[in-house]
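One structure is given below, encoded as structure tokens.
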Amino acid sequence: MNIPEDRKRPTSGRAVDDPSYYRTEPVSFVRRGSRLQGRRLRAWEAYADQYLYEVPRDIADTSVDREAKFDQESVFGRLAPLTVEVGSGLGEALVAQAAEHPERDYLAVEVYTPGLAQLMLRAGKLGLTNIRTIQANAPEVFEFLLTPGSIDEVQVFFPDPWHKSKHHKRRLVKPSFAAHVARALKPGGLWRLATDWQEYAEHMREVLDPDEQFENVHDGWAPRFEGRVQTSFETKALKVGRSIYDLTYRRK
Ligand SMILES: C[S@@+](CC[C@H](N)C(=O)[O-])C[C@H]1O[C@@H](n2cnc3c(N)ncnc32)[C@H](O)[C@@H]1O
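FYI, in this note's numbering the residues of the sequence shown are 730 to 981.
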């Protein structure tokens with residue numbers, strides 16, 4: 730990969746251990762432990778060849794080379810309706826949908842290595858062939874890698890809420906990300922979101938309700954998406970009495 734000389738240095742002025750060090754935009758994640766052991770290590774070794782799409786990188790290890798292109802047909806060996814889940818965590822929701830809908834293809838975008846290993850373990854045990862994973866920063870995947878107008882559905886379930894106001898700029902759902910999602914979705918394609926954080930739910934609506942590229946399918950909160958299985962993350966939220974907010978937007 731050819732990185733121009735003037736981009737080989739940090740661009741952000743952030744601390745060297747911040748994953749945004751090489752980026753102008755803050756990222757919506759912090760790097761958590763990426764060491765694999767036991768079952769997850771064995772799953773990675775057994776299944777990464779089958780399930781992990783190797784992303785051409787820019788500078789940082791979760792970045793995406795601006796010239797890289799995701800060729801859906803050659804990656805999946807067919808052209809089927811494609812759902813992309815951002816922040817797939819341990820893969821519960823994505824794997825359940827992929828098992829339920831063999832006629833569709835599913836792409837997980839996640840930075841967390843143990844989460845991806847767990848997803849591959851689940852998918853491998855079921856012998857699923859309609860899943861691929863990408864370990865990269867989602868906004869860059871949407872901006873550079875995915876073909877415009879190629880995605881049928883985007884799902885963002887329980888994104889990190891970044892609840893302190895000084896951290897709001899790190900939230901995944903913001904106008905710049907909405908523009909990347911709008912670019913990648915087919916006209917009529919859906920963007921489903923869910924969160925257990927009321928203030929983030931309202932923020933999502935403040936960003937997406939007035940966005941001219943989207944329409945709110947339900948003119949307010951959406952009913953629970955029946956394809957969204959209850960993840961361990963959601964179970965914890967319900968245990969401490971949180972409410973869950975679902976939203977569905979359609980790309981115009
Ligand atoms: C709170 S967890 C929710 C996981 C899962 N959706 C669930 O419901 O259990 C959010 C996940 O999003 C991932 N994430 C956050 N920002 C991301 C980004 N910019 N690109 C890719 N993954 C990201 C995190 O690593 C984390 O696993």
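Here a beta-carbon is modelled for each residue, glycine too, at the ideal position from N, C-alpha and C.
Nothing here was measured: the structure is a model prediction, and the numbers come from that model.
Go ahead and pull the three-state DSSP assignment for residue i.
i, result
"D975", "strand"
"A865", "coil"
"Y835", "strand"
"V936", "helix"
"T964", "helix"
"D790", "coil"
"T924", "strand"
"E802", "helix"
"E783", "coil"
"F954", "coil"
"R899", "helix"
"R768", "helix"
"R980", "strand"
"V910", "helix"
Whole angstroms is fine: what's the gap from residue i's alpha carbon to residue j's?
i, j, result
"Y929", "W950", "13 Å"
"W773", "S961", "21 Å"
"Y751", "P785", "16 Å"
"F886", "R899", "16 Å"
"P877", "W926", "31 Å"
"Q801", "L967", "37 Å"
"A908", "Y835", "21 Å"
"R795", "R957", "32 Å"
"R764", "N866", "19 Å"
"Q826", "R971", "25 Å"
"W920", "D940", "13 Å"
"L937", "R861", "28 Å"
"S741", "E829", "43 Å"
"L770", "Y782", "17 Å"
"F906", "P868", "6 Å"
"E931", "V946", "16 Å"
"A923", "R738", "37 Å"
"D838", "V813", "Residue identity differs from the one stated: residue 838 is Val in this sequence, not Asp. About 7 Å."
"M933", "V883", "15 Å"
"K903", "E944", "16 Å"
"T964", "P952", "18 Å"
"F805", "V840", "21 Å"
"A775", "S749", "31 Å"
"Y974", "L811", "24 Å"
Determine the burial state of residue i: buried for a count of at least 16 other Cβ atoms within 10 Å of its Cβ, exposed for fewer.
i, result
"D787", "buried"
"G816", "buried"
"G844", "buried"
"A744", "exposed"
"G918", "buried"
"T753", "exposed"
"P831", "exposed"
"G820", "buried"
"P888", "buried"
"L808", "exposed"
"Q766", "exposed"
"E955", "exposed"
"R980", "buried"
"R851", "buried"
"V759", "exposed"
Would the beta-carbon of residue i be found less than 6 Å away from any heavy atom of ligand 2?
i, result
"G844", "The ligand content of the structure shown is limited to ligand 1, which means ligand 2 is not among them."
Original post:
How do the segment 872-891 and the segment 906-919 stand: do at least 3 beta-carbon pairs fall below 8 Å, yes or no?
Top reply: In short, these stretches touch, since the Cβ pair count reaches three.
**OP:** Check whether the segment 853-864 touches the segment 891-903, counting contact only when three or more Cβ pairs, one atom from each stretch, lie closer than 8 Å.
**Re:** No, the segment 853-864 is not in contact with the segment 891-903.
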